[in-house]
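First residue of the sequence shown: 835, per this note's numbering; consecutive thereafter. To start, the structure under review is shown below, and the notes come after it.
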Amino acid sequence: MFKPQSVLAGCVFSLLISGAALAQDAMIAAQSVAGSATVPVDGDINRFRAVLAETEEGADLFIYTDAGNGWEQTVHARDIVWRGGSYGQEPWLEATEHGSLKLYSENSAIGRDRWEQVLTIAYRGGRFVIAGYTYSHYDTLDPDNSGQCDVNLLTGKGILDGKSFRTSLKTPAVGDWTMDMGPPECVSD
């Protein structure tokens, strides 16, 4: 015999289960992983693990920390860097000897305007921040059309094509950074 109450109860149960699944940390599909690095840190955490996962037009960065009680997801930075569809347009990351992380993105493959961006990520004051930003570019047909901007976002000091400046950009949290950001002093026309 058909009981509408049992159908309704089943639908409510399914909705509750679906909602609980949505509340969990984002899962990373294995085929989207572009790289990972585990970095030892001194301080209130022992180490962190960064996982770079490709998305449709960019890459997300997941950071997990271990303070002695196992891994916990601390950061999910959506579309932190650009990614193209060809070799020479794929982001990657690497740990440094100083306990920070370098996150690279580039276009070294297509068109005449080639570039590389490096984000230096550090754990400072209990949070992950973009500590450094380097952007270099060159034109494959015009050797005089090239440049570089390098900024220490912890101190605010930068160098644009050999000239010193101070940036107005405050040290951003990793989770707030997107591929469209950068120190305004580094933007060229």
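For glycine and all other residues, C-beta sits at the position ideal for the given N, C-alpha and C.
The ligand FAD heavy atom lying under 7 Å from the CB of residue i
i    : result
L953 : No copy of the ligand FAD occurs in the structure displayed, which carries no ligand at all.
Distance, residue j Cα to residue i Cα
i     : j     : result
V952  : G966  : 8 Å
W916  : G892  : 4 Å
T1001 : V963  : 16 Å
E940  : W905  : 30 Å
T954  : M861  : 25 Å
W949  : D978  : 15 Å
T1005 : L975  : 36 Å
P1018 : L1003 : 7 Å
V1021 : A956  : 23 Å
I944  : L937  : 21 Å
A901  : A884  : 15 Å
G799  : T908  : In the structure displayed, the chain extends from 835 to 1023; residue 799 sits before or after that span and is not available.
H910  : Q865  : 18 Å
I897  : A887  : 11 Å
D1014 : C983  : 16 Å
Run of the beta strand (DSSP E) containing residue i, from where it starts to where it stops
i    : result
Q982 : S980 to N986
H971 : R961 to D973
Q907 : W905 to W916
I879 : That residue, I879, is in no beta strand (DSSP E); it is neither H nor E in DSSP.
L953 : D947 to R958
A929 : W926 to A929
K936 : L935 to N941
Simplified DSSP assignment, three categories, for residue i
i     : result
Q865  : helix
E891  : coil
D1010 : helix
P1018 : helix
K991  : strand
A884  : strand
P874  : strand
T1005 : coil
I897  : strand
S920  : coil
Close Cβ partners of residue i (< 6 Å) along its chain, the five nearest in sequence each way excluded
i    : result
P874 : R881
R912 : D894
G869 : L886, W926 and L927
Close beta carbons around residue i, own chain, < 8 Å, minus the five adjacent residues each side
i    : result
V986 : This sequence places Asn at residue 986; Val is not what is there. For N986, where only same-chain residues beyond five positions count, the Cβ hits under 8 Å are A965, G966 and G992.
D876 : G933
S920 : A943 and I944
A871 : R883, A884, L927, E928, A929 and L935
Sequence-distant residues of the same chain with beta carbon closer than 7 Å to residue i, five excluded per side
i     : result
R961  : A1007
K1016 : Looking at the sequence shown, residue 1016 is not Lys but Gly. Answer for G1016: Y967 and Y969, listed in chain order.
Residue-level contact to chain D via CB, residue i, 8 Å cutoff
i    : result
G922 : Absent here is chain D; the protein component of the structure consists of one chain.
For the stretch 986-1005 and the stretch 923-937, state whether three or more C-beta atom pairs, one from each stretch, are separated by less than 8 Å.
Taking 8 Å as the limit for Cβ pairs, the verdict is that the stretch 923-937 does not touch the stretch 986-1005.
Is the stretch 969-977 touching the stretch 918-926 in the sense that three or more CB pairs, one from each, lie closer than 8 Å?
Inter-segment contact for the stretch 918-926 and the stretch 969-977 is absent: fewer than three beta-carbon pairs are separated by less than 8 Å.
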